[in-house]
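Chains as they are written, first to last, in the working numbering: chain W, 1 to 562; chain V, 563 to 1124.
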């Protein structure tokens, strides 16, 4: 195992391929890998990471692609393995830096991306649709695309042939042997590439800790069927808005049971529109009804397909649970099916929704009490198959937290890959590949890029300010002085938020007088700049709040000179 | 199902027993039940709830016992079922209101409580030790205590005989048939009380959603044994500091493998001291070593018993994972055993610890990859046994979120309890019991009481301020005016935190001028009080930040008049 500290890599030698993960190694999200050889750069995926409590007010976290800002012209292409947010969500932000980067992806992937571009008003992107089996020469890189099965259709693995060696990057994948669309992970291609000799195998680590095999998608059909068979009232199914196959199963069940289907939630409507238009979703004739038409039908004649399976506070489902949805009111006897995973960190919000629904008398079916979700990622057993079929010279686990990467690396070792051929790195780790020789040659800093409502970056310092403000509140002391007459003209006025109750004014009487005296003294002693006077205030008020109130609010002293 | 809105209950009639949960019905935590008959009040448990992200800077949440503040003298006793924080943690805050409330509990429960009192400097508490089988008359209530098995020793259920009927309250319990201390849940007593006729059965709902039976504590011994057998370096075991039996198993394994044991973390040292002193923990001779003595031993000669199994940022384990622990440095080959549950909401922090340890090359064994934890609560199968043995007339599910209460109620119905005999209420629900007749007669508001570092209450409005500040930051605009000369003397000065970057001063030039003009105009138009001038500022700056920056920071206008 080897997680080097930040350490500059050597200059890149001719015909050596350098691999740097710019995101997704250390987190589940913001997946992005950078490949460089002979001055040319190819990127694989460009996704977002969704923030945690440690990132208040942050909407998205981007890969560290600002590292590329002075290399933009060297980028020869961006390959997208599939259409999930954590793989394509950051593309608009990258293209804002250089709009004509050639983007390679499958039909559905680019279809979903195009929707994003509309929102971000990106018009002149260079989108190049590719399909499994295609070979495309992109400058120093010869790309070959391989079909893989995942929780969204049309996912691709990509092989990169370079003078530095042959890399196979799986993207996200699993090996469902009986997928709804019959499109299996192409192990024949994996085998053929293995025979040719895979010098570096980059594999999805998300489920490497999970023993055995991921259950086939179709195995959740009985649970869905049971819900439709038993429900005498309204049915709501919540799942990821990109999970076309899950939606397909619900459409099929609805057709069998003569229920109309209503998409609820912007992204659900949008994505299913794309999926249907491109032929990835088979929609039975006139089964879809709009939210407006809903009241024409009895509850037992419809099923709602909704977003919000992760308990997102503003999502359709959360609003139903809080009786705040403008159009939909759930009542006793209705059924809600959460056909989705429970992403770690979302438990509180998901259970809040389940409790809210339960309080309404709604029956809630979820992965805790029925088989209504299967993962989109290969479990340990499947990864072992891959390693044995590809028999790679070197391995680099990608996509996951450290614990996942380590578990994946151990699986590779178990199949005979020598430990020192397992490139275990986090974001920013620099791996050089030359023929069959791969090694970690350094580690660059690969910081988070935060995005909030403003679509403007949020800095670490702003975040730490927010954390302090959120935990402790702030206290502001305003004084007006006259530096010429060396007098305190007015104040100090004290404003506090977030940590006091009762009559603040009275509470401040003592300290106000103390600060007034301190300022007067300082002025008389000849202190003649507002900055130093503000320091005087900071000291006094700081000692007071920590001593008297045991709090550490943010302190904002303001001295105005007239 | 019946969750009434807030609605005042009728005046309590003579010889009718009124039951009001003051906490723990709707949350997992702050458990407290109030029983009143003929003007006398008996309380069962008085625990804390640990806050979520929605409660920034809050340390604890208390039951709604401020509802009792004008009834303190009517309280005839407080019964504590066991020594967990969510059942005894709030006692000091209650006793600060009336210190001589008689407190009934088992030896260990009161032993742990006494430690709390020391910290809170409570000296004259009236502690009355009781044991399983004891019968105690407390004014209108005749109490009988029944042994139950839980994840802490010496837990008790309590039966209340009153003129209003017989209530059996299980507290937290499970039915491990082979517990380490051989002290099983006394189903004979449950049966005898059932024969006598239990009018209201209040049962632990925590695991009501979990099918089957909770695994016996001793079944995790093999996993612990395996860790000790395979580890050639240091072992760290993290578990709840109150889980005496879990610690006992580690002590036994350490003795078998000739390792010394070192307690790490204040509460672990404190609680195990109490447990040993009172004879609930059998400590092999001179096996315990202090942190100071640790460096006398090779890593393979010791096992550390540590707090922090929930990833608490300041706990010993988190510090080890971040290489910040002053005394303990973990390295490759060490093993950390997380012998604990993963409480929903703690996933992020726990996985952060696991990732940190993995990064150090530490082997992490946790409930995700081994049987190293069993629950302390009865699963559905066990609850069914209870209902069938007690055959209660009425049932009131307690301890859990709505989903748990509902699941528990359904189990009761499955054993033949009529639906309208299941009292399904949340905190503040008022249930009157008269003989065999129980009914929900109202619902009072049972608000959270927040406690932070100051040991002073935190109000809802402070919390919402903190949430805004934490998400959006704040912007403060300070202007000095002279109301007599109707002039803007100085400013406006603008201070912003948490949402801006770059040169703020320059950014504000435009709006500063705009506000200056608005103030001057207002003054000339005769606006002559600072409050209205502040409104002028609020409007301008508000429009500016939301329009220009798309943010909604807290706005704090300050107008000082000289």
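Positions of the beta carbon are idealized from the N, C-alpha and C atoms, including for glycine.
* Have a look at residue 385 of chain W and residue 23 of chain W and give me their C-alpha separation to the nearest angstrom. => 26 Å
* Drop a sphere of 10 angstroms on the beta-carbon of residue 949 of chain V, count the other beta-carbons inside from all chains shown, and report buried for 16 or more, exposed for fewer. => Per the 10 Å Cβ criterion, buried.
* To do: Work out the CA separation of residue 683 of chain V and residue 363 of chain W for me, nearest whole Å.
  => 49 Å
* To do: Identify each residue in the stretch 961-982 of chain V for which the Cβ-Cβ distance to at least one residue of chain W is less than 8 Å, and report them in chain order.
  => 963, 964, 965, 968
* To do: Out of V:674, V:877, V:592, point me to the one whose CA is closest to residue 733 of chain V's CA.
  => Residue 733 of chain V has its Cα closest to that of V:592, out of V:674, V:877, V:592.
* N-terminal and C-terminal residue of the alpha helix (DSSP H) that residue 641 of chain W is part of -> Residue coverage of chain W in this structure runs from 1 to 562, which leaves residue 641 of chain W outside it and unanswerable.
* Length of the line joining the Cα atoms of residue 699 of chain V and residue 513 of chain W -> 58 Å
* **Straight-line gap, residue 63 of chain W to residue 933 of chain V (C-alpha atoms, nearest Å)** => Taking the straight line from one Cα to the other gives about 37 Å.
* Assigned exposure category for residue 908 of chain V - 16 Cβ within 10 Å defines buried -> buried
* Below 8 Å between beta carbons: does that hold for residue 265 of chain W and residue 229 of chain W? -> no
* Asked: Taking Cβ-Cβ distances shorter than 7 Å, what residues in chain W pair up with residue 1055 of chain V?
  -> 558, 560
* Min CB distance residue 387 of chain W to chain V below 8 Å -> no
* Start and end residues, alpha helix (DSSP H) containing residue 834 of chain V -> 828-839
* Indicate whether residue 72 of chain W and residue 103 of chain W have their beta-carbon atoms separated by less than 8 Å. => no
* Asked: Taking the DSSP output, what are the residues bridged to residue 1038 of chain V?
  -> V:1057, V:1118
* To do: Report, in whole angstroms, the separation of the C-beta atoms of residue 239 of chain W and residue 227 of chain W, which I expect to be a contact under 8 Å.
  => Contact doesn't hold; Cβ gap of about 13 Å is too wide.
* **Buried versus exposed, by CB contacts within 10 Å (16 or more), residue 747 of chain V** => The residue is buried, with at least 16 neighbouring Cβ atoms inside 10 Å.
* **Members of the stretch 806-822 of chain V near chain W, C-beta cut-off 9 Å** => none
* Asked: For the beta strand (DSSP E) that residue 77 of chain W lies in, which residues bound it at each end?
  -> 75-79
* Asked: Using 8 Å as the limit for Cβ to Cβ distance, is residue 324 of chain W near chain V?
  -> no
* To do: Using a Cβ cut-off of 8 Å (strictly closer), state whether residue 115 of chain W contacts chain V.
  => no
* Select from the stretch 1028-1059 of chain V all residues with a C-beta closer than 8 Å to any C-beta belonging to chain W, and list them in chain order. => Look at the stretch 1028-1059 of chain V: the residues with a C-beta under 8 Å from a C-beta of chain W are 1028, 1029, 1031, 1032, 1033, 1034, 1035, 1036, 1038, 1040, 1042, 1051, 1052, 1053, 1055, 1057, 1059.
* To which residues of the same chain is residue 245 of chain W closer than 6 Å at the C-beta, ignoring the five residues directly before and after it? -> 180, 217
* Other residues of its chain near residue 571 of chain V: CB distance less than 6 Å, five sequence neighbours each side excluded -> Counting only Cβ-Cβ distances below 6 Å, and skipping sequence neighbours, we find 992, 1003, 1004.
* Going along the chain, which unbroken runs of the alpha helix (DSSP H) with 4 or more residues stay wholly within the stretch 326-371 of chain W? -> 347-359
* Rounded Cβ spacing between residue 719 of chain V and residue 962 of chain V (contact assumed at less than 8 Å) -> In fact, because the Cβ distance is near 17 Å, the residues do not count as touching under 8 Å.
* Establish whether the CB of residue 909 of chain V and some CB of chain W are separated by less than 8 Å. => yes
* Asked: Are residue 25 of chain W and residue 405 of chain W close, meaning C-beta to C-beta below 8 Å?
  -> Judged by their CB atoms, residue 25 of chain W and residue 405 of chain W are nearer to each other than the 8 Å cut-off.
* Asked: Pick from V:772, V:845, V:1027, V:1038: whose alpha carbon is nearest that of residue 818 of chain V?
  -> V:845
* Can you list, in chain order, the residues of its chain whose CB lies under 6 Å from that of residue 271 of chain W, leaving out five sequence neighbours each side? -> 241, 242
* To do: Flag this pair as touching only if the stretch 318-336 of chain W and the stretch 352-369 of chain W have three or more C-beta atom pairs under 8 Å; answer yes or no.
  => For the pair of segments examined, the stretch 318-336 of chain W was found to touch the stretch 352-369 of chain W: the number of CB pairs separated by less than 8 Å reaches three.
* To do: Measuring only between beta-carbons, confirm whether residue 906 of chain V sits less than 8 Å from chain W.
  => yes
* To do: Determine, using beta carbons only, whether residue 369 of chain W comes closer than 8 Å to chain V.
  => yes
* For residue 75 of chain W versus residue 98 of chain W, is the C-beta spacing smaller than 8 Å? -> yes
* Note down, one range per segment and in chain order, each alpha helix (DSSP H) of at least 4 residues found wholly within the stretch 962-1016 of chain V. => 964-976
* Asked: Taking Cβ-Cβ distances shorter than 7 Å, what residues in chain V pair up with residue 355 of chain W?
  -> 963, 964, 965
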